[in-house]
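Per the numbering used here, the sequence shown runs over residues 169 to 400.
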Amino acid sequence: MGRCPGPVKRGTGLVVGDEDETSPAAAVFDALGSEYEKAFAGSEAHRVSLQWLLGRLAPGSRVLDVGSGTGRPTAATLAAAGHRVLGVDVSPVMVEIASRQVPGAEFRCADVRRLSLEDGSFDAVCVYFALLQMSRPEQSALVRQLARAVRPGGFFVLATVPLDVEGFDGVFMGQDVRVTSFSAQDVTALVRQAGLTVVSEESVMFTPTHPDAMPEPQLFLHCRRPGPGADG
Ligand SMILES: C[S@@+](CC[C@H](N)C(=O)[O-])C[C@H]1O[C@@H](n2cnc3c(N)ncnc32)[C@H](O)[C@@H]1O
């Protein structure tokens with residue numbers, strides 16, 4: 169698979185550009201599918217992060233889940249609490265799994281770098297571990313765009329692997345991957361430069377449940393866009 173059908177235009181504050189090439193991230197996550205969910209299902213920090221968001225969202229909030237994977241745990245948890253979740257993922261296999269597993273949320277197959285998002289169109293945006301196959305300029309530009317898509321006073325959650333690496337060729341759960349990220353200090357600065365306030369952050373080490381997995385550092389940043397009621 170590896171390629172989303174496109175282009176798509178629908179009335180949800182989101183326009184998807186034409187998909188004219190196969191994404192390396194799509195190839196990796198098409199191959200992993202549900203194996204990824206099994207390997208990361210034990211993440212207590214991810215659950216705690218979702219509770220942070222759930223504790224602040226008004227009933228029926230509109231949430232964008234970037235790189236939604238299999239839909240679990242993020243979209244499933246938010247949709248079960250009654251929120252309106254739109255998941256976007258570049259892997260057709262992940263989108264198919266998520267649509268089946270979380271019928272209460274909506275999923276689109278698209279490369280988030282090609283989305284055009286209306287300013288202030290979401291109450292919250294979450295990005296759990298979806299930036300790592302993008303270049304640094306792409307990650308910075310995307311965080312700025314996603315921050316603008318949050319309504320003033322709304323919420324933004326970013327989780328990543330905070331490593332000072334650029335174009336590092338490694339193996340992830342048996343798949344060849346090229347990884348780019350930032351140090352914890354730099355990713356926090358990037359979020360602040362996008363105009364967001366970091367309300368809380370959590371750093372953990374996590375070892376996925378997989379024979380080839382290594383312990384990895386994880387950083388969860390819980391943020392707000394300044395605006396009405398944005399005092400924590
Ligand atoms: C490491 S997985 C995390 C999945 C989910 N967020 C979670 O934490 O369980 C990263 C996901 O982001 C998706 N992804 C990576 N680059 C993307 C892009 N440019 N546009 C949309 N999705 C992307 C991958 O296909 C994959 O499903």
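Where is the CB? At the ideal position from N, CA and C, for every residue including glycine. Only a predicted model underlies this, so the values are computations on that prediction, with no experimental measurement involved.
**Request:** Taking Glu306 as part of the beta strand (DSSP E), name the residues at either end of that continuous run.
**Result:** Not the beta strand (DSSP E): Glu306 falls in the alpha helix (DSSP H), residues 304 to 317.
**Request:** Using the Cα positions of Asp279 and Met302, report the straight-line distance between them to the nearest angstrom.
**Result:** Taking the straight line joining both Cα atoms gives about 11 Å.
**Message:** Considering Cα atoms alone, identify which of Arg360, Glu286, Phe197 is closest to Ser368.
**Reply:** Of the residues Arg360, Glu286, Phe197, the one whose Cα lies closest to the Cα of Ser368 is Arg360.
**Sub-7 Å separation of Ser308 and Leu358 beta-carbons** = Cβ distance < 7 Å, so Ser308 and Leu358 count as in contact.
**Prompt:** Can you tell which of Val318, Ser289, Glu334, Arg319 has its C-alpha closest to the C-alpha of Leu300?
**Reply:** Cα-wise, what sits closest to Leu300 is Glu334.
**Prompt:** Should the region 204 to 223 be regarded as contacting the region 384 to 395, the criterion being three or more beta carbon pairs within less than 8 Å?
**Reply:** At 8 Å Cβ cutoff, the stretches touch.
**Request:** Mind reading off the beta-carbon distance from Val293 to Ala317? Whole number of angstroms is fine, and I expect it under 8 Å.
**Result:** Indeed, because the Cβ distance is near 6 Å, the residues count as touching under 8 Å.
**Prompt:** How about Ser349 and Val325: do their beta carbons lie closer than 7 Å?
**Reply:** Not closer than 7 Å, so no.
**Message:** For the structure I just gave you, are there three or more beta carbon pairs, one from the region 250 to 270 and one from the region 194 to 203, closer than 8 Å?
**Reply:** With a cut-off of 8 Å, the region 194 to 203 and the region 250 to 270 count as touching, because enough Cβ pairs lie within range.
**Request:** Run the CB neighbour count on Asp287, radius 10 Å, all protein chains shown included, and call it buried at 16 or more, exposed below.
**Result:** The residue in question, Asp287, is exposed, as its Cβ has fewer than 16 Cβ neighbours within 10 Å.
**Message:** For Val196, list the residues DSSP reports as bridge partners.
**Reply:** As computed with DSSP, Val196 is found in no beta bridge at all.
**Item:** Distance, Val339 Cα to Asp380 Cα
**Value:** If I take the Cα positions, the gap works out to 9 Å.
**Prompt:** With a Cβ-Cβ cutoff of 7 Å, do Gly321 and Gly228 count as a contact?
**Reply:** Contact: no.
**Request:** Could you pull out every residue in the same chain whose Cβ sits closer than 7 Å to the Cβ of Thr242, ignoring the five residues on either side in sequence?
**Result:** Same-chain partners within the cutoff: Leu218, Asp233, Ser236, Cys294, Tyr296.
**Request:** Would you tell me roughly how many angstroms separate the C-alpha atoms of Thr121 and Arg346, rounded to the nearest one?
**Result:** Lying outside 169 to 400, the shown extent of the chain, residue 121 is not represented and no answer is given.
**Prompt:** So the beta strand (DSSP E) Ser191 belongs to, where does it begin and stop?
**Reply:** From DSSP, Ser191 is part of no beta strand (DSSP E); its letter is neither H nor E.
**Request:** Enumerate in chain order the residues of its own chain whose CB-to-CB distance from Gly272 is below 6 Å, with the five nearest sequence positions on each side excluded.
**Result:** For Gly272, the CB contacts under 6 Å within the same chain, skipping 5 residues up- and downstream, are Ala247 in chain order.
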